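I have placed the structure first, in the form of structure tokens, so that the comments after it can refer back to it.
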Amino acid sequence: MGDKNRIVVSELDPKFKDEIANTPGGEHIKRCFLCGTCSAGCPVHELSDEYNPRKIIRMILLGMRDKVLSSDFVWLCSTCYTCRERCPQDVKLSDIMTAVRNIAVKEGHIHPSYLAQLSSINTQGKLHEIDDFDNRRRERVGLPPLPSTNEDSGKILNACGVSKLLASQGGS
Amino acid sequence: MKYAIFLGCTVAGRARHYEMAVSKVAERLGIELVYLDDFACCGFPVRSIDFLSAVCLAARNLSVAEAAGLNIATLCSACTASLPFACLPSAYILHPSIFLTLRHSYNLTLPTISVKLITLQQED
């Protein structure tokens, strides 16, 4: 193990786990006894060692705040809920990832793909645009047409102060 | 039986075949599905960015259905999980301006929205 992997205790933030526990979704973080059931069943972990749920929880419990929040791996969870389903301690890992990401966003870290999703919802109220082409195809198979935009979604995001992420980070 | 059908983003844009199958099955079962134009994103995609925004988007959709006097039938797993998020205790601390949006657009009173959320939570 090189210096890169050394954990310096003085650089740790012991209150990070409390911060997570006080964020919606992260309440059960301290229940984890690191059995590894989450990592064993995780379909993302199977594809990439970069995403390892047990390791992420361990990092949070140790207080590796900066490393966790600035990492790419917190954005890899696909929210399939396999870990949440199997966890013997009901840690609710999928929701913990939500809590970690929420804190990461507040610290200025956000994955571009999530910014793109936010942008779609901000402008049209939906992830995938429904245009005239879609509505013609819907009509052909006997389905009613759908409106292409919804302005309220943007208003709500604006009121929550999320829309400004798009402006400040130049979201596409 | 009559339900407001909540398509969400993916089914409407990417999975028309699923919607077609649902309408056929509903017809056979004698369920009437009502399309409400005001439905928008359930809030799930923004949950990772800001939990409160997701809860508010979900609450707005519940309000749309309430204004129409209908229960919601969802087709997508993410929407199904996301809409009840508006029933979590944290939903009670909604931003005042969001309540205003809900109130002006759907003519709902603040207590109506809260009571609706509390009832849903108790049923859960």
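As given, the protein sequences belong to chains W and D, one line each in that order.
Numbering that gives the first Met the number 0 numbers the first residue of the first sequence as 0 and each following residue consecutively.
Numbering that gives the first Met the number 0 numbers the first residue of the second sequence as 0 and each following residue consecutively.
Don't be surprised by glycine CBs; every beta carbon is placed ideally from N, CA and C.
The model shown is predicted, which means the values in this text are computed figures rather than measured ones.
For residue i, count the other beta carbons within 10 Å of its own beta carbon; 16 or more makes it buried, fewer makes it exposed. Which is it?
i	result
phenylalanine 15(W)	buried
methionine 0(D)	exposed
aspartate 133(W)	buried
alanine 166(W)	exposed
aspartate 49(D)	buried
isoleucine 6(W)	exposed
asparagine 4(W)	exposed
serine 93(W)	buried
valine 8(W)	exposed
glycine 29(D)	exposed
leucine 46(W)	exposed
isoleucine 56(W)	buried
glycine 107(W)	exposed
glycine 7(D)	buried
serine 69(W)	exposed
arginine 100(W)	buried
Do we get a CB-CB distance below 8 Å when we pair residue i with the residues of chain D?
i	result
tyrosine 113(W)	yes
arginine 100(W)	yes
lysine 163(W)	no
arginine 137(W)	yes
aspartate 133(W)	yes
isoleucine 129(W)	yes
leucine 6(W)	It should be pointed out that residue 6(W) corresponds to isoleucine in this sequence rather than to leucine. False, the Cβ-Cβ gap to chain D never drops below 8 Å.
lysine 125(W)	yes
proline 146(W)	yes
isoleucine 155(W)	yes
isoleucine 56(W)	no
valine 104(W)	yes
proline 52(W)	no
threonine 97(W)	yes
proline 23(W)	yes
glutamine 116(W)	yes
proline 143(W)	yes
cysteine 159(W)	yes
valine 43(W)	no
cysteine 31(W)	no
Mind pulling the chain C residues with CB within less than 7 Å of residue i?
i	result
serine 152(W)	Within the model displayed, chain C is absent; protein chains W and D are what it includes.
Since residue i and residue j should fall inside the 8 Å C-beta cutoff, what is the C-beta to C-beta distance between them, to a whole number of angstroms?
i	j	result
leucine 82(D)	asparagine 60(D)	6 Å
isoleucine 95(W)	glycine 25(W)	5 Å
serine 152(W)	glutamate 128(W)	Actually they do not touch by this definition, with Cβ atoms about 13 Å apart.
methionine 19(D)	leucine 145(W)	Wrong, their Cβ atoms sit about 14 Å apart, outside the cutoff.
isoleucine 120(W)	valine 45(D)	6 Å
tyrosine 2(D)	isoleucine 71(D)	7 Å
cysteine 40(D)	leucine 126(W)	7 Å
proline 42(W)	cysteine 86(W)	The Cβ separation is near 15 Å, so there is no contact.
aspartate 89(W)	histidine 27(W)	6 Å
serine 52(D)	tyrosine 113(W)	With 8 Å as the limit, serine 52(D) and tyrosine 113(W) do not qualify as a contact, their Cβ atoms being about 12 Å apart.
cysteine 76(W)	arginine 53(W)	Going by Cβ atoms, the distance from cysteine 76(W) to arginine 53(W) rounds to 13 Å, so no, they are not a contact pair.
glycine 42(D)	leucine 56(D)	3 Å
threonine 22(W)	alanine 103(W)	Contact doesn't hold; Cβ gap of about 11 Å is too wide.
In the DSSP assignment, find the alpha helix (DSSP H) that holds residue i and state where it starts and stops.
i	result
alanine 85(D)	Counting along the chain, alanine 85(D) falls outside any alpha helix (DSSP H), and DSSP gives it neither H nor E.
glutamate 84(W)	81-85
glutamate 26(D)	15-28
tyrosine 113(W)	111-123
alanine 103(W)	92-105
isoleucine 55(W)	52-61
lysine 66(W)	64-68
isoleucine 19(W)	15-20
lysine 154(W)	150-158
histidine 108(W)	That residue, histidine 108(W), is in no alpha helix (DSSP H); it is neither H nor E in DSSP.
aspartate 133(W)	131-139
proline 143(W)	It is not in any alpha helix (DSSP H) - proline 143(W) carries neither H nor E in the DSSP assignment.
alanine 57(D)	50-67
leucine 164(W)	162-167
glutamate 49(W)	First-last for glutamate 49(W): undefined, no H or E at that position.
cysteine 31(W)	Taken as a continuous stretch (DSSP letters only), cysteine 31(W) belongs to no alpha helix (DSSP H), as it is neither H nor E.
Taking 8 Å as the CB-CB cut-off, is residue i touching chain W?
i	result
isoleucine 30(D)	no
cysteine 8(D)	yes
leucine 74(D)	no
serine 81(D)	no
alanine 11(D)	yes
arginine 27(D)	no
alanine 18(D)	According to the sequence displayed, residue 18(D) carries glutamate and not alanine. With 8 Å as the cut-off, glutamate 18(D) counts as an interface residue toward chain W.
phenylalanine 50(D)	yes
valine 45(D)	yes
tyrosine 2(D)	no
alanine 66(D)	no
With DSSP as the reference, please indicate the residues paired to residue i in a beta bridge.
i	result
isoleucine 6(W)	Bridge partners of isoleucine 6(W): none, in fact.
leucine 32(D)	Tyr2(D)
Could you pull the start and end residues of the beta strand (DSSP E) that residue i belongs to?
i	result
threonine 73(D)	70-73
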